[in-house]
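Colleague:
Put into structure tokens, the structure is as follows:
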């Protein structure tokens, strides 16, 4: 089993209404030098979160104690740029299990799914409703129900469905990953490889 | 029964699908896998934790590039964390029998430069690497894209990854580009029109006269930047230019194998009547030398224009304002004449010999401007050798520039080549994100000609005035 199972997550959320949050902001390149996967959460959003001297920037949302939770809500085109899986590791290591946005960059989305973070893509209107709900009550909870493929704002009961293919959904709810699947079909791969011209 | 006309992308993708999972991804067989020191160590660790091995070590190629120094490469790497990653790459590749061109190896260089120049990259292949600019290799008519570390582990252990087939887009640029317009300007123009997320979910085929007339190195620059508009990758149909580039390279097929390969490669084109999910057409005559003014590659403009106002740029006004504030720029300002502190020529986007020829064509007979720090970084040792042999080094030296050693360098500033906070850099690399070239650095992306014009004048300058 590759990661924790994901079924229903009810949590408060951290709002980040910024568009085009790229992976260099999520984890700057100078923190990619580890040879093990640990401790990346400390440097999540490093240059937005800390001054050059290491002191926290008080106006950044992760430094604001009124916001917390296992869900990160970002603006349009979240996770663009570099393929570094370290960005997803940093988000996971910090404690998030779900990222909500109206649009995700492809590689980030794959990386998230591969390590057990659920990317939930909602309409721009619903994203706006989520930001408004958190703004009026920082303790507003969201309910992300993977089996039902719904996301609900608890306080108002407003809800929207989201897409995920049934293969990935099965993986996430059971904690399986692609490597498990590929290992089980190695004979087919060998046969295929024998015909390759390269 | 008549067949539905196929696109180039469909032909390559479908011929590599080992299995198609219903309401799920395709299992895609990978012909070539490139790895480097930064995104591979955790994948090798994963193999060990699961007790797995490397299924086809001969299909994976390793080079060290991301964190390597660009001076004194013969000395031990000073930064202990970088040295540790380089050591891990060396021991992991040795353990599994993977080819490794480490620091000091004459074939060493940036992964997306050394793959093509050694004939490892070929038409019709599927190519992946734990680096988003793997899209570069699409210039050869290959399906090439960046992957995460979990996927690196998949390819090592099974030579496959699981991918949802992307949608298809075709971008056609008709006509001929004017004087001083390089492939970098063509791609920055396209991205400025589509935005940084305009091609997300798509694989892009580039078509039209501009790409047909372009050299392989130019095509690599264009395909390289595909990811900067969110595309999974870019692809250009192989033609005589492609075949002439590949023939005779070290790892390219030879003799009968070449003839067989060539016959197949000639079938790799989009058929008449094939359809795309989205199409764009642009006119080459509309393209000026380009420069970016903001903090994503979609925020680009013709060098003689003024910085757009938020409403023209689209997207959220708050995000736009945050971006201009970071850059220290105002709406409606011209970019021409803005002070430049640093100039970087290099990277997998513009670190090949044609880029240095272009740079030299402007600086020849001129002097580096006082107050400008210039980093001239070849993409590989082979490129470095060409720079010496063609006399470009003499031109650079006479103008007051120094040549550094190959690597990714200031493109992502993992080594010591960092632009200081608040300083302005004109860079031939691919990303102008906040802090990309060092914490607080401010990046303006441009072509080698624009970079050269800035290097000799100390301000943003239209290169057409100098050539």
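Protein chains in written order, with the numbering used here: chain A, 1112 to 1309; chain B, 5 to 471.
Virtual Cβ for every residue (Gly too), placed ideally from N, Cα, C.
Model, not experiment: these values are computed from the prediction.
For residue 296 of chain B, name the three-state secondary structure that DSSP assigns.
Modeller: Numbered from its first residue, the second chain carries residue 296 of chain B at position 292. Reduced to three states, the DSSP call for residue 296 of chain B is strand.
Colleague: Taking the alpha carbon of residue 344 of chain B as the point to measure from, which residue in B/462, B/372, B/400 has its own alpha carbon closest?
Modeller: One-based indexing of the second chain puts residue 344 of chain B at position 340. Closest option to residue 344 of chain B, Cα to Cα, is B/462.
Colleague: Write down the C-beta distance between residue 214 of chain B and residue 230 of chain B rounded to the nearest angstrom, noting that I regard them as a contact closer than 8 Å.
Modeller: For the purposes of this step, residue 214 of chain B is taken as the residue at position 210 of the second chain. For the purposes of this step, residue 230 of chain B is taken as the residue at position 226 of the second chain. 15 Å between Cβ atoms; not a contact.
Colleague: Measuring CB to CB, does residue 81 of chain B end up less than 8 Å from residue 93 of chain B?
Modeller: Position 77 of the second chain, counted from the start, is the residue given in the question as residue 81 of chain B. Position 89 of the second chain, counted from the start, is the residue given in the question as residue 93 of chain B. In this structure, residue 93 of chain B does not lie closer than 8 Å to residue 81 of chain B by Cβ.
Colleague: Name the chain A residues whose beta carbon is nearer than 8 Å to that of residue 13 of chain B?
Modeller: Within the second chain, residue 13 of chain B is the residue found at index 9, counting from 1. Within 8 Å Cβ-Cβ: nothing; residue 13 of chain B doesn't reach chain A, min ~15 Å.
Colleague: Report the three-state DSSP secondary structure of residue 1132 of chain A (helix, strand or coil).
Modeller: Here residue 1132 of chain A corresponds to residue number 21 of the first chain, with the count starting at 1. It is coil, neither helix nor strand.
Colleague: In chain order, what are the residue ranges of uninterrupted beta strand (DSSP E) at least 3 long that sit wholly in the segment 384-471 of chain B?
Modeller: Here the runs fully enclosed are 428-431, 446-449.
Colleague: Taking the alpha helix (DSSP H) that residue 1157 of chain A falls in, what are its first and last residues?
Modeller: On the first chain, position 46 is the one that residue 1157 of chain A refers to. Taken as a continuous stretch (DSSP letters only), the alpha helix (DSSP H) holding residue 1157 of chain A covers 1157-1160.
Colleague: Measure from the alpha carbon of residue 252 of chain B to the alpha carbon of each residue in B/98, B/124, B/41, B/99, then state which is nearest.
Modeller: Looking up residue 252 of chain B in the second chain gives position 248. Of B/98, B/124, B/41, B/99, the residue nearest in Cα terms is B/124.
Colleague: If we define contact as Cβ-Cβ less than 8 Å, is residue 220 of chain B a contact residue for chain A?
Modeller: As a first step, residue 220 of chain B must be located in the second chain, where it is residue number 216. Taking Cβ atoms only, chain A never reaches closer than 8 Å to residue 220 of chain B, which makes this a no.
Colleague: In chain B, which residues lie less than 8 Å from residue 1186 of chain A when you measure between Cβ atoms?
Modeller: Here residue 1186 of chain A refers to the residue found at position 75 when the first chain is read from its first residue. Correct list: 320, 323.
Colleague: Shorter than 8 Å from the beta carbon of residue 1112 of chain A to some beta carbon of chain B?
Modeller: Residue numbering aside, residue 1112 of chain A sits at position 1 when the first chain is read from its first letter. At residue 1112 of chain A the pLDDT is 42, less than 50, meaning the model places this residue with poor confidence; the figure from the coordinates comes in the next sentence. No, because no Cβ of chain B sits closer than 8 Å to the Cβ of residue 1112 of chain A.
Colleague: Determine, using beta carbons only, whether residue 71 of chain B comes closer than 8 Å to chain A.
Modeller: In the second chain, the residue the question calls residue 71 of chain B occupies position 67. True, the Cβ-Cβ gap to chain A drops below 8 Å.
Colleague: Write down every uninterrupted run of the beta strand (DSSP E) in the segment 1161-1197 of chain A whose length is 3 residues or greater and which is fully enclosed by it, in chain order.
Modeller: Complete beta strand (DSSP E) runs here, min 3: 1182-1185.
Colleague: Can you round the beta-carbon distance between residue 292 of chain B and residue 307 of chain B to whole angstroms, since I take them to be within the 8 Å contact cut?
Modeller: Position 288 of the second chain, counted from the first residue, corresponds to residue 292 of chain B. Position 303 of the second chain, counted from the first residue, corresponds to residue 307 of chain B. About 6 Å separates the two Cβ atoms, so the contact holds.
Colleague: Is the Cβ of residue 1240 of chain A closer than 8 Å to any Cβ of chain B?
Modeller: For the purposes of this step, residue 1240 of chain A is taken as residue 129 along the first chain, with counting starting at 1. It does not; no Cβ of chain B falls within 8 Å.
Colleague: For residue 1135 of chain A and residue 440 of chain B, what's the separation of their Cα atoms in angstroms?
Modeller: For this step, residue 1135 of chain A is matched to residue 24 along the first chain. For this step, residue 440 of chain B is matched to residue 436 along the second chain. Computed Cα separation, rounded: 7 Å.
Colleague: Excluding the five sequence neighbours on either side, which residues of its own chain have a C-beta within less than 7 Å of the C-beta of residue 170 of chain B, listed in chain order?
Modeller: Locating residue 170 of chain B in the second chain gives position 166, where the first residue counts as 1. Cβ neighbours of residue 170 of chain B beyond the five flanking positions: 205, 206, 207, 236.
Colleague: Measuring CB atoms only, is the segment 156-173 of chain B touching the segment 24-36 of chain B, in the sense that at least three cross pairs come out at less than 8 Å?
Modeller: Yes, the segment 156-173 of chain B touches the segment 24-36 of chain B.
Colleague: Is the separation between the beta-carbon of residue 1160 of chain A and that of residue 1168 of chain A shorter than 8 Å?
Modeller: Within the first chain, numbered from 1, the residue matching residue 1160 of chain A stands at position 49. Within the first chain, numbered from 1, the residue matching residue 1168 of chain A stands at position 57. Closer than 8 Å, so yes.
Colleague: Using DSSP with H/G/I as helix, E/B as strand and the rest coil, what is residue 193 of chain B?
Modeller: Locating residue 193 of chain B in the second chain gives position 189, counting from the first residue. Correct three-state label for residue 193 of chain B: helix.
Colleague: Taking 7 Å as the limit between beta carbons, can you name the residues of its chain near residue 68 of chain B, skipping five residues before and five after?
Modeller: By one-based count along the second chain, residue 68 of chain B stands at place 64. Cβ neighbours of residue 68 of chain B beyond the five flanking positions: 40, 41, 90, 93, 106, 107, 112.
Colleague: Give a yes or no on whether the minimum CB-CB distance between residue 89 of chain B and chain A is below 8 Å.
Modeller: By 1-based counting over the second chain, the position of residue 89 of chain B is 85. Yes, contact with chain A.
Colleague: Using the DSSP secondary-structure output, state which residues sit across from residue 30 of chain B in a beta bridge.
Modeller: For this step, residue 30 of chain B is matched to residue 26 along the second chain. Answer is B/24, B/167.
Colleague: At 3 residues or longer, and completely inside the segment 230-281 of chain B: list those beta strand (DSSP E) runs for me, N to C.
Modeller: 237-239, all fully within the segment 230-281 of chain B.
Colleague: So what's residue 162 of chain B in DSSP terms, helix, strand or just coil?
Modeller: Indexing the second chain from 1 puts residue 162 of chain B at position 158. Residue 162 of chain B: helix per DSSP, three-state reduction.
Colleague: Quick one: give me the first and last residue of the alpha helix (DSSP H) that residue 220 of chain B is part of.
Modeller: As a position in the second chain, residue 220 of chain B is number 216, starting the count at 1. Its alpha helix (DSSP H) spans residues 220-228.
Colleague: Need the endpoints of the alpha helix (DSSP H) that residue 1283 of chain A sits in, please.
Modeller: Position 172 of the first chain holds residue 1283 of chain A. It spans 1277-1285 - the alpha helix (DSSP H) in which residue 1283 of chain A sits, taken as one unbroken run.
Colleague: Does residue 382 of chain B have its Cβ less than 8 Å from a Cβ in chain A?
Modeller: The residue you call residue 382 of chain B lines up with position 378 of the second chain. So, not an interface residue.
Colleague: Does the Cβ of residue 401 of chain B have 16 or more other Cβ atoms within 10 Å, making it buried, or fewer, making it exposed?
Modeller: In the second chain, counting from the first residue as 1, residue 401 of chain B sits at position 397. Counting Cβ neighbours within 10 Å, residue 401 of chain B comes out exposed, since fewer than 16 surround it.
Colleague: Can a CB atom of chain A be found closer than 8 Å to the CB of residue 112 of chain B?
Modeller: Mapped onto the second chain, residue 112 of chain B falls at position 108. Not an interface residue.
Colleague: My guess is that residue 247 of chain B and residue 269 of chain B are in contact by the Cβ rule of under 8 Å, so how many angstroms apart are they, rounded?
Modeller: Translated into the one-based positions of the second chain, residue 247 of chain B becomes position 243. Translated into the one-based positions of the second chain, residue 269 of chain B becomes position 265. Contact flag correct, Cβ pair sits at about 7 Å.
Colleague: Quick one, which residues of the segment 1133-1159 of chain A are near chain B if we go by CB-CB under 9 Å, in chain order?
Modeller: If the cut-off is 9 Å between Cβ atoms, the segment 1133-1159 of chain A has 1133, 1134, 1135, 1136, 1139, 1140, 1141, 1143, 1144, 1145, 1146, 1147, 1148, 1157, 1158, 1159 near chain B.
Colleague: Where do the N-terminal and C-terminal ends of the beta strand (DSSP E) with residue 305 of chain B fall, by residue?
Modeller: On the second chain, residue 305 of chain B is found 301 positions in, with the first residue counted as 1. Note, residue 305 of chain B: beta strand (DSSP E), 304-306.
Colleague: Assign residue 134 of chain B to one of two classes, buried (16 or more other C-beta atoms within 10 Å of its C-beta) or exposed (fewer than that).
Modeller: Position 130 of the second chain, counted from the first residue, corresponds to residue 134 of chain B. Answer is buried; the Cβ neighbour count reaches 16.
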